[in-house]
Amino acid sequence: MRGTQDEIGGEPMALNERCRPTLKEIARIARVNTSTVSRAINDSPLLPRETKDMILAIAEKLNYFPNSLARGLVSRKSETLGIILPKIFFLQGPFFSQVLSGIEHVSVKHGYSILIASATSKTADRHFPFNLTRARRIDGMLIINENRRIRNLDALKQEGVPFVLVNRFLTDPDAPCVAADDAGGGKVATEHLLALGHRRIGVVTGSPRVAATLDRLDGYRQALDAHDVPYDSDLVEAGLFQEGIETGSRCAERLLSLPNPPSAIFAFSDELAMGVIQAARARGLRLPEDLAVIGYDNVTFSAHLNPPLTTVAQNPYAIGSTACRMLVDMLEGRKPEQMNVLIPVRLVVRDSCGSNLSQPAMLAGGGV
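Take the sequence shown: its position 308, counted from the start at 1, is 307 in numbering that gives the first Met the number 0, and no numbers get skipped.
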């Protein structure tokens with residue numbers, strides 16, 4: 000292939016008409032790697048707009064058309080995967096942006112584009128996934144659903160639409176799914192506090208309508224049962240994940256106002272934990288000497304709090320990549336090794352839980 004007159008700008012690029020331009024050629028001219036070119040052509044939401052525009056301008060001058068268009072005409076497939084969200088703001092948080100990054104990595108590797116759609120009303124939620132597949136706009140679906148109830152599950156099975164549930168675990172072999180081991184996360188955090196001598200352990204949860212809340216609470220109760228510590232509903236305060244610090248502070252204030260307050264609080268997100276810390280400090284409590292705190296998610300700021308926050312780390316990238324790989328296998332006629340996958344979590348121990356203290360101080364009534 001002959002070179003271009005001005006590579007990126009200037010006169011139209013001269014191209015040997017017998018040769019179809021490749022991603023590699025576009026990447027060479029744009030001075031990026033081929034995966035970046037593929038993301039630009041697939042309109043990835045993770046790529047800056049200016050980078051997309053620059054790459055697409057080069058592709059247009061080279062008269063480039065992706066192979067997926069030609070394949071789609073022959074196979075009657077769209078070569079597109081649908082990501083179905085209950086609300087579009089899910090993508091704003093660090094967890095789901097990393098899930099999306101994992102999905103995108105696998106989809107690009109296998110030559111699939113991504114279409115992101117949001118079902119914001121009951122009517123749309125009932126009909127639009129089927130409309131997308133019937134119109135051949137997507138070949139399969141990755142369904143992100145945080146609620147304990149999943150709409151259309153039976154209809155999806157009957158329709159024969161290839162799908163994978165993302166971050167929602169079911170034991171149904173006919174409902175492929177990939178999720179974090181939230182029950183395991185709730186259990187390991189609670190067991191750590193029990194090992195430090197705490198027996199009155201408060202929890203600040205998310206909404207009870209959210210599956211992760213119920214799973215983490217189940218893990219908390221499993222740990223208490225295993226250590227013969229009775230479950231006390233007074234120590235459980237329901238917050239809202241989306242309200243973060245504010246609701247965490249309110250819930251902690253109620254827990255710390257109990258006649259026999261907890262000596263430790265396990266918050267079901269790091270933002271909720273920040274609210275707990277705020278409420279404790281407002282009461283003049285020392286952390287971790289007077290109150291131990293554990294969060295959940297291991298977001299970036301958790302290591303930089305004072306004291307650094309002990310937290311449960313998930314692997315959202317692995318959730319996304321595993322789910323997408325499972326869907327691609329199904330679309331390409333390969334049976335996934337597992338249909339119901341739990342991605343392990345791990346406890347990241349820092350100073351807020353008091354593990355660095357020789358003997359954790361207990362609040363009144365909170366001892367063994």
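For glycine and all other residues, C-beta sits at the position ideal for the given N, C-alpha and C.
None of the values given here were measured: they were computed from a predicted structure.
- Taking the Cα positions, A178 is about 23 angstroms away from P44.
- Between the C-alpha atoms of N146 and S206 there is a straight-line separation of about 9 angstroms.
- Annotation for A278: S248, A251 and E252 place their beta carbon closer than 6 angstroms to its own, counting only its chain and skipping 5 residues before and after.
- G294 counts as buried, since no fewer than 16 other beta carbons sit within 10 angstroms of its beta carbon.
- Secondary structure at V228: coil, using DSSP grouped into helix, strand and coil.
- By the Cβ neighbour-count rule, D173 is exposed, with fewer than 16 other Cβ atoms within 10 Å of its own.
- Pairwise C-beta distances place the segment 95-110 out of contact with the segment 299-306, as fewer than three of them are shorter than 8 angstroms.
- Residue state for R345 is assigned as strand, using DSSP reduced to three classes.
- Under a 10 Å Cβ-count criterion, Q337 is classified as exposed, with fewer than 16 other Cβ atoms of the shown protein chains found around its own Cβ.
- Taking 4 residues as the minimum length, the alpha helix (DSSP H) runs contained wholly in the segment 134-191 are 152-158, in order along the chain.
- Minimum Cα-Cα distance from L195 among the listed residues R345, H226 and D231 corresponds to H226.
- The residues R215, G218 and Y219, in chain order, have a CB closer than 6 angstroms to that of G185 in the same chain once the five nearest residues on each side in sequence are set aside.
- Under DSSP, F265 takes part in a beta bridge, and its partners are V202 and I293.
- The closest CA to that of A237, considering only H197, I264 and D296, is found on I264.
- Short of 6 angstroms from the beta carbon of H197, and not among the five residues preceding or following it, lie these beta carbons of its own chain, in chain order: S262 and A263.
- Across the structure, R30 and V163 are spaced so that their CA atoms are roughly 36 angstroms apart.
- Between the beta-carbon of P161 and that of L326 there is about 6 angstroms, and that keeps the pair under the 8 angstroms contact cut.
- Distance from the CA of M140 to the CA of A210, rounded to the nearest whole angstrom, comes to 20 angstroms.
- Taking 8 angstroms as the cut-off, the beta carbon of P315 is found no closer than this to the beta carbon of R349.
- Per the coordinates, the alpha-carbon of L169 lies some 29 angstroms from the alpha-carbon of D233.
- Residue burial annotation: S320 is buried, with at least 16 other C-beta atoms found within 10 angstroms of its C-beta.
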